[in-house]
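Read in order, the letters of the sequence shown are residues 236 to 488 in this note's numbering.
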Amino acid sequence: MPFDPMYLLLVMLPGLLISGGASLLVKSAFSRYSRVGTRQGYTGAQAAQILLDRAGIHDVRVVQTQGYLSDHYNPTSKQLALSPDVYHSNSIAAVGVACHEAGHAIQHARHYAPLWARSALVPMAGIGSNLGYFVMLFGLFIHPYVVLAGVALFGMVLLFQIVTLPVEFDATARAKRLVLEAGIVSPDERTGMDRVLNAAALTYVAAVVSTLLTILYFLIRSGILGGRRDEERRTRRDGSGSIQWLGGTSRTI
Numbered sequence: 236m237p238f239d240p241m242y243l244l245l246v247m248l249p250g251l252l253i254s255g256g257a258s259l260l261v262k263s264a265f266s267r268y269s270r271v272g273t274r275q276g277y278t279g280a281q282a283a284q285i286l287l288d289r290a291g292i293h294d295v296r297v298v299q300t301q302g303y304l305s306d307h308y309n310p311t312s313k314q315l316a317l318s319p320d321v322y323h324s325n326s327i328a329a330v331g332v333a334c335h336e337a338g339h340a341i342q343h344a345r346h347y348a349p350l351w352a353r354s355a356l357v358p359m360a361g362i363g364s365n366l367g368y369f370v371m372l373f374g375l376f377i378h379p380y381v382v383l384a385g386v387a388l389f390g391m392v393l394l395f396q397i398v399t400l401p402v403e404f405d406a407t408a409r410a411k412r413l414v415l416e417a418g419i420v421s422p423d424e425r426t427g428m429d430r431v432l433n434a435a436a437l438t439y440v441a442a443v444v445s446t447l448l449t450i451l452y453f454l455i456r457s458g459i460l461g462g463r464r465d466e467e468r469r470t471r472r473d474g475s476g477s478i479q480w481l482g483g484t485s486r487t488i
């Protein structure tokens with residue numbers, strides 16, 4: 236399949252701008268507020284532990300993991316894993332990230348429905364991520380129905396990303412509220428923390444938009460949206476003088 240300018244304009248460039256811009260905002264905000272310490276001096280690990288203790292959660296371990304901004308909560312192992320820059324630091328950025336992850340642990344303990352829904356979607360999203368794009372791509376050479384099958388598969392990725400939005404937004408909202416209630420940060424310090432967490436939330440929105448643009452491209456390119464275009468009705472002439480329509484029947488001319 237030759238390079239398609241539509242893919243560049245509809246998917247690649249917007250995707251790079253949106254995802255790259257969101258990632259740049261996160262790194263910029265984290266870098267800025269990682270140099271500003273909190274007055275209380277709690278490290279990220281200590282702040283997360285305080286929130287867990289206040290929530291009555293005693294079966295979650297706060298551990299250190301490797302990588303830059305690789306922080307996450309694992310509901311299976313009940314481990315709240317913090318990167319070195321977050322685990323050991325008492326900066327506003329580190330405390331914000333750590334308490335956001337503690338928010339996920341609290342969601343898990345409180346049986347927050349979107350979190351459980353997201354966990355249930357993980358296997359299907361994995362299948363859709365591995366197969367969906369290639370099925371959509373091959374469908375352009377075979378038949379629009381094959382593209383639709385690929386869209387259904389890739390749509391599981393989109394569904395997972397959409398369900399992820401309330402999970403992440405809620406964890407951020409919990410962190411913002413609980414750090415003040417626990418006295419971990421002051422109101423003016425929380426302003427910086429908000430900027431870090433709000434920037435991080437944009438990365439999840441960017442992922443949804445990028446996936447939507449990819450699906451939209453294949454729907455348009457296959458002719459499912461906007462009508463069937465001449466370039467989508469690729470033809471192939473065989474030795475009998477007939478034209479084989481892609482995904483259709485042949486006729487003699």
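Cβ coordinates follow ideal geometry from the N, Cα and C atoms, glycine included. Keep in mind that this is a model prediction, so the values were computed, not measured.
Helix, strand or coil at residue i [DSSP, three-state]
i           : result
residue 316 : strand
residue 296 : strand
residue 272 : strand
residue 421 : coil
residue 326 : strand
residue 307 : strand
residue 459 : coil
residue 467 : With a pLDDT of 43 at residue 467, under the threshold of 50, the modelled position of that residue is not reliable, and no figure is offered here.
residue 282 : helix
residue 301 : coil
residue 290 : coil
residue 346 : coil
Beta-carbon proximity check, residue i vs residue j, cutoff 7 Å
i           : j           : result
residue 298 : residue 314 : yes
residue 418 : residue 268 : no
residue 333 : residue 317 : yes
residue 261 : residue 328 : no
residue 295 : residue 340 : yes
residue 379 : residue 457 : yes
Straight-line Cα distance separating residue j from residue i
i           : j           : result
residue 382 : residue 372 : 7 Å
residue 453 : residue 359 : 20 Å
residue 240 : residue 304 : 35 Å
residue 465 : residue 363 : Model confidence at residue 465 stands at a pLDDT of 45, short of 50, so the residue's coordinates are unreliable; what they give is reported in the following sentence. Rounded to the nearest angstrom, the two C-alpha atoms are 29 Å apart.
residue 412 : residue 266 : 23 Å
residue 384 : residue 255 : 30 Å
residue 336 : residue 393 : 23 Å
- Pairing CB atoms from the region 260–278 with CB atoms from the region 420–436, are three or more of them under 8 Å? Put simply, the region 260–278 touches the region 420–436. At least three CB pairs are less than 8 Å apart.
- What are the uninterrupted segments assigned as beta strand (DSSP E) that are 3 or more residues long and contained completely in the region 239–265, given in chain order? Whole beta strand (DSSP E) segments, 3+ residues: zero.
- Task: Mind the definition here: the region 433–449 touches the region 237–252 only if three or more C-beta pairs lie below 8 Å; say whether that holds.
- Result: Judged by Cβ distances under 8 Å, the region 433–449 makes contact with the region 237–252, as three or more pairs qualify.
- Message: Pairs of beta-carbons, one from the region 395–413 and one from the region 347–363, closer than 8 Å: are there three or more?
- Response: The way I'd put it, the region 395–413 does touch the region 347–363; three or more beta-carbon pairs between them come closer than 8 Å.
- Counting pairs of Cβ atoms below 8 Å between the region 433–446 and the region 280–297, do you hit three or more? Taking 8 Å as the limit for Cβ pairs, the verdict is that the region 280–297 does not touch the region 433–446.
- Item | Continuous alpha helix (DSSP H) assignments of at least 4 residues falling wholly in the region 354–400 | Runs of the alpha helix (DSSP H) inside the region 354–400: none found.
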